[in-house]
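Asks:
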Amino acid sequence: MRFSTSILVGLSAGLVLQVWTLAFLGRVGGEALYVRAIYAPVGFLALAVTEGLVVAAQVSAGIATRDERRDVLRPLPTHLVVGGGVLVLTAAVFTAGSGVILGVLGVAAEDRPGVVTFVVAVCLTSVGSLVPYAGGAVLRGMGRAGASSLLSVGFTVLSMAAMAVLGATTDLGVLAVPVGTLVASAAAGVAATVLLRGHLPHTSVRWLRRDALGELWAFGAPVAATFLLLSSVNFGYLRVLRDAGTADIAGFGLGQNATGFFMVPALAIGSGAAVAANLRPGQSRREIDVVGLSATLRVALPAYACIGVLAYVLRHPLARLLTSDEAIVAVTADYFAWTGPTSALFGGTLTLLTYLEQIGRASAAFALNTVYFAALPAIASSLPQPVDSTTLARLLAVSNVIGFATCWYCAWHLVRRTR
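If you're matching positions, the sequence shown starts at 1 in this note's numbering and goes up one per residue.
Here is the structure:
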């Protein structure tokens, strides 16, 4: 229970920070949200690095703690070097290829410098945030759930405070987000070092270890692959909406980000059911996995039905909470009007996929993820241009219905096969 609560606290802290960031950008102006929407595919790349590193660090620390080894931090330098290197490489590739990338997305020439600056700044400042994120993961793996939760909440509060102060006292505009993140990362990084001081190496640090690279590949790569898939899907959405106008792109992006926030309960429910199933003794895993699968839906469907009703009924206040631009408010509210009624099925699908991923069916879950998330951009790309946000939101609502039916059928047959 403590471990699950720590995961939920960490996810919730990240959720609050993302909502705050979107609301902050919404107050900066509609153009800020447009820049944020264009950044989304790169943002999922950064998340792929961060989440992959977090999972690898947590599992590695858990194994070391279980085996009563004191060198729980041994693989961490390698994880940080690889993660930081990928983020720097992402910034460099985006800078070099920005003309082609932004041209494909239909970004106007006058908007491109601001987009490039924001993307590069966020990628580079995210390197610093790897330290507190990885530190929290190691603490969780060691069983220090309280310390991990404290670090997660502290980093969130510091980030929000730094953005607010910079936004009020400087003319940084959208750049207050990466600069505020950098300030918070420095403080939280020091806190993580203090919390882990008893496990710091007393000899010279090896920055690249082969065994640590193997752990990163085995534990982090499957998680990173899911976020890379989401990056590709988000790029597909932006490509489809390229002729729809900045308000449509920003409003749809805001709705997508809000949907991303709603993923948190699904991850918690699916993970909790998987942990319970994996810890339950028994020679035959089939019956245990089937019971766990049914339990996920009994919890997820009612929870997401409530979320969907609230998103639909409060669609205009929710949109105004995130932005003051009325044109973007209208687009975002329309997004919730179409996707809210099928939120129960969306949440059920994500919960099923999370459960499968964590009971040893990661390959099957990734295959279902690929079909579920990639089908819609492919279908939308075949429609005549211009495609607007309303059309895409309608397709999302239909895909939620078809996706749930397909994933439930496949998951039911998968768990009934003896492991």
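By construction, the Cβ of each residue, glycine as well, lies at the ideal position given by its N, Cα and C atoms.
Note that the coordinates shown come from a computational prediction; the quantities given were computed from them, not determined experimentally.
Verify whether the separation of the beta carbon atoms of Leu45 and Ser343 is less than 7 Å.
Replies: Position 45 of the sequence shown, counted from the start, is the residue given in the question as residue 45. Position 343 of the sequence shown, counted from the start, is the residue given in the question as residue 343. No, the Cβ-Cβ distance between Leu45 and Ser343 is not below 7 Å.
Asks: Within the same chain, show all residues whose beta-carbon is closer than 6 Å to that of Val54, passing over the 5 residues directly before and after it, in chain order.
Replies: For the purposes of this step, residue 54 is taken as the residue at position 54 of the sequence shown. If we look at Val54 and ignore the five residues flanking it on each side, its Cβ neighbours are Tyr133 and Ala137.
Asks: Do you know how far the Cα of Val86 is from the Cα of Ser389?
Replies: As a first step, residue 389 must be located in the sequence shown, where it is residue number 389. As a first step, residue 86 must be located in the sequence shown, where it is residue number 86. When rounded, the distance between both Cα atoms is 32 Å.
Asks: Is Trp207 buried or exposed, if buried means 16 or more other CB atoms sit within 10 Å of its CB?
Replies: For the purposes of this step, residue 207 is taken as residue 207 along the sequence shown, with counting starting at 1. Exposed, because fewer than 16 other Cβ atoms sit within 10 Å of the Cβ of Trp207.
Asks: Is Leu345 near Val401, with beta carbons less than 7 Å apart?
Replies: Position 345 of the sequence shown, counted from the first residue, corresponds to residue 345. Position 401 of the sequence shown, counted from the first residue, corresponds to residue 401. Closer than 7 Å, so yes.
Asks: Use the C-beta contact count for Pro384: other C-beta atoms within 10 angstroms, 16 or more gives buried, fewer gives exposed.
Replies: Your numbering for residue 384 matches position 384 in the sequence shown. Result: exposed.
Asks: Please report the distance separating the alpha-carbon of Val398 from that of Trp338.
Replies: In the sequence shown, counting from the first residue as 1, residue 398 sits at position 398. In the sequence shown, counting from the first residue as 1, residue 338 sits at position 338. Val398 and Trp338: Cα-Cα distance of roughly 9 Å.
Asks: Please list the terminal residues of the continuous alpha helix (DSSP H) segment that includes Thr354.
Replies: For the purposes of this step, residue 354 is taken as the residue at position 354 of the sequence shown. It spans Ser343 to Glu357 - the alpha helix (DSSP H) in which Thr354 sits, taken as one unbroken run.
Asks: In angstroms with no decimal places, state the Cα-to-Cα distance between Val119 and Glu31.
Replies: On the sequence shown, residue 119 is found 119 positions in, with the first residue counted as 1. On the sequence shown, residue 31 is found 31 positions in, with the first residue counted as 1. Roughly 14 Å between the two C-alpha positions.
Asks: Of all the options Trp408, Ala374 and Val157, which has the alpha carbon lying nearest to the alpha carbon of Phe235?
Replies: Residue numbering aside, residue 235 sits at position 235 when the sequence shown is read from its first letter. Comparing Cα-Cα distances from Phe235 to each of Trp408, Ala374 and Val157, the minimum goes to Ala374.
Asks: Identify which residue in Val240, Asn369, Val153 and Arg140 has its Cα closest to the Cα of Leu73.
Replies: For this step, residue 73 is matched to residue 73 along the sequence shown. The option with the nearest alpha carbon to Leu73 is Arg140.
Asks: Could you tell me which of Ala380, Ala224 and Arg239 sits nearest to Leu47, measuring between CA atoms?
Replies: For the purposes of this step, residue 47 is taken as the residue at position 47 of the sequence shown. Among Ala380, Ala224 and Arg239, the Cα nearest to that of Leu47 belongs to Ala224.
Asks: Just to check my reading of the structure: Ala380 and Val387 have Cβ atoms closer than 8 Å, yes? What is that Cβ distance to the nearest angstrom?
Replies: Taking the first residue of the sequence shown as position 1, residue 380 is located at position 380. Taking the first residue of the sequence shown as position 1, residue 387 is located at position 387. Contact flag correct, Cβ pair sits at about 6 Å.
Asks: Would you call the CB atoms of Val331 and Asp243 closer than 7 Å?
Replies: Counting from 1 along the sequence shown, the entry for residue 331 is found at position 331. Counting from 1 along the sequence shown, the entry for residue 243 is found at position 243. Taking 7 Å as the Cβ cut-off, Val331 and Asp243 do not qualify as a contacting pair.
Asks: Which residue wins for smallest C-alpha separation from Glu51, given the options Ser126, Ala109, Gly62 and Val107?
Replies: Here residue 51 refers to the residue found at position 51 of the sequence shown. The residue with the shortest Cα to Cα distance from Glu51 is Ser126.
Asks: Is Leu89 helix, strand or coil by DSSP?
Replies: Working through the sequence shown from its first residue, we reach residue 89 at position 89. Residue state, collapsed to three classes: helix.
Asks: Which whole-angstrom value describes the C-beta separation of Thr90 and Val42, a residue pair presumed to lie in contact below a C-beta threshold of 8 Å?
Replies: Within the sequence shown, the letter at position 90 stands for residue 90. Within the sequence shown, the letter at position 42 stands for residue 42. Confirmed, Cβ separation roughly 7 Å.
Asks: Considering only the beta carbon of each residue, do Tyr304 and Gly347 sit closer than 7 Å?
Replies: Position 304 of the sequence shown, counted from the first residue, corresponds to residue 304. Position 347 of the sequence shown, counted from the first residue, corresponds to residue 347. It is a contact, given that the beta carbons lie within the stated cut-off.
Asks: What does the alpha-carbon distance come out to for the pair Ala212 and Ser60?
Replies: Within the sequence shown, numbered from 1, the residue matching residue 212 stands at position 212. Within the sequence shown, numbered from 1, the residue matching residue 60 stands at position 60. When rounded, the distance between both Cα atoms is 9 Å.
Asks: Pick from Val88, Gly154, Leu105 and Thr117: whose alpha carbon is nearest that of Gly128?
Replies: Within the sequence shown, numbered from 1, the residue matching residue 128 stands at position 128. Closest by alpha carbon: Val88.
Asks: Considering Cα atoms alone, identify which of Gly245, Ala362 and Thr351 is closest to Ala266.
Replies: Within the sequence shown, residue 266 is the residue found at index 266, counting from 1. With distances taken between Cα atoms, Ala266 lies closest to Thr351.
Asks: Under 7 Å Cβ to Cβ from Leu356, same chain only, skipping five residues before and after it: list those, please.
Replies: For the purposes of this step, residue 356 is taken as the residue at position 356 of the sequence shown. If we look at Leu356 and ignore the five residues flanking it on each side, its Cβ neighbours are Ala364, Ala365, Ala411 and Leu414.
Asks: Once you ignore the five residues that flank Arg315 on each side, which residues in its own chain have a CB closer than 6 Å to its CB?
Replies: The residue given as residue 315 occupies position 315 in the sequence shown. Here the set comprises Ala333, Phe336 and Ala337.
Asks: Quick one: what does DSSP say Phe262 is sitting in, helix, strand or coil?
Replies: In the sequence shown, counting from the first residue as 1, residue 262 sits at position 262. It is coil, neither helix nor strand.
Asks: Give every residue of the same chain whose Cβ lies closer than 7 Å to the Cβ of Ala277, excluding the five residues on either side of it in the sequence, and list them in chain order.
Replies: Here residue 277 is taken as the residue at index 277 of the sequence shown, counted from 1. Excluding residues within five positions, the ones whose Cβ falls inside 7 Å are Ile288, Asp289, Gly292 and Ile359.
Asks: Taking the beta carbon of Gly62 as the centre, do at least 16 other beta carbons fall within 10 Å, making it buried, or is it exposed?
Replies: As a first step, residue 62 is located in the sequence shown; it is residue number 62 there, counting from the start. By the neighbour-count rule (16 or more Cβ atoms within 10 Å), Gly62 is buried.
Asks: Rounded to whole angstroms, what's the CA-CA distance from Met1 to Val179? Just pull it up for me.
Replies: Position 1 of the sequence shown, counted from the start, is the residue given in the question as residue 1. Position 179 of the sequence shown, counted from the start, is the residue given in the question as residue 179. Confidence is the limiting factor: at Met1 the pLDDT is only 48, short of 50, which leaves the residue's position unreliable, though a coordinate-based value still follows. The alpha-carbon atoms of Met1 and Val179 are separated by roughly 36 Å.
Asks: By the 10 Å Cβ neighbour count, where 16 or more other Cβ atoms means buried, how is Cys407 classified, buried or exposed?
Replies: As a working note, residue 407 is residue 407 in the sequence shown. With 16 or more Cβ atoms within 10 Å of its Cβ, Cys407 is classed as buried.
Asks: State the CB to CB distance for the pair Ala188 and Leu158, rounded to an integer number of angstroms; the pair is presumed to be in contact (CB under 8 Å).
Replies: By 1-based counting over the sequence shown, the position of residue 188 is 188. By 1-based counting over the sequence shown, the position of residue 158 is 158. At roughly 6 Å, the Cβ-Cβ gap stays under 8 Å, so Ala188 and Leu158 are in contact.
Asks: Considering Pro113, what are the terminal residues of the alpha helix (DSSP H) in which it resides?
Replies: Taking the first residue of the sequence shown as 1, we reach residue 113 at position 113. Segment Arg112 to Gly141, the alpha helix (DSSP H) holding Pro113.
Asks: Distance, Cα to Cα, Leu321 vs Ala23?
Replies: By 1-based counting over the sequence shown, the position of residue 321 is 321. By 1-based counting over the sequence shown, the position of residue 23 is 23. Spanning the two alpha carbons is a distance of roughly 7 Å.
Asks: Within this structure, are the beta carbons of Ala56 and Glu215 separated by less than 7 Å?
Replies: As a first step, residue 56 is located in the sequence shown; it is residue number 56 there, counting from the start. As a first step, residue 215 is located in the sequence shown; it is residue number 215 there, counting from the start. Yes, the Cβ-Cβ distance between Ala56 and Glu215 is below 7 Å.
Asks: If I measure Cβ to Cβ from Leu396 and keep anything under 6 Å in the same chain, skipping five residues before and after, which residues do I get?
Replies: Taking the sequence shown and counting its residues from 1, one reaches residue 396 at position 396. Answer for Leu396: Thr339, listed in chain order.
Asks: Identify, in the order they occur along the chain, each residue of the same chain with its Cβ nearer than 8 Å to the Cβ of Gly84, setting aside the five sequence neighbours on each side.
Replies: Position 84 of the sequence shown holds residue 84. Cβ neighbours of Gly84 beyond the five flanking positions: Val127 and Leu130.
Asks: Would you kindly work out how many angstroms separate the C-alpha atoms of Val183 and Trp217, rounded to a whole number?
Replies: Position 183 of the sequence shown holds residue 183. Position 217 of the sequence shown holds residue 217. Using only the alpha carbons, I get a separation of about 30 Å.
Asks: Indicate whether Phe262 and Ile307 have their beta-carbon atoms separated by less than 7 Å.
Replies: Here residue 262 is taken as the residue at index 262 of the sequence shown, counted from 1. Here residue 307 is taken as the residue at index 307 of the sequence shown, counted from 1. Yes, these two residues count as a Cβ contact at 7 Å.
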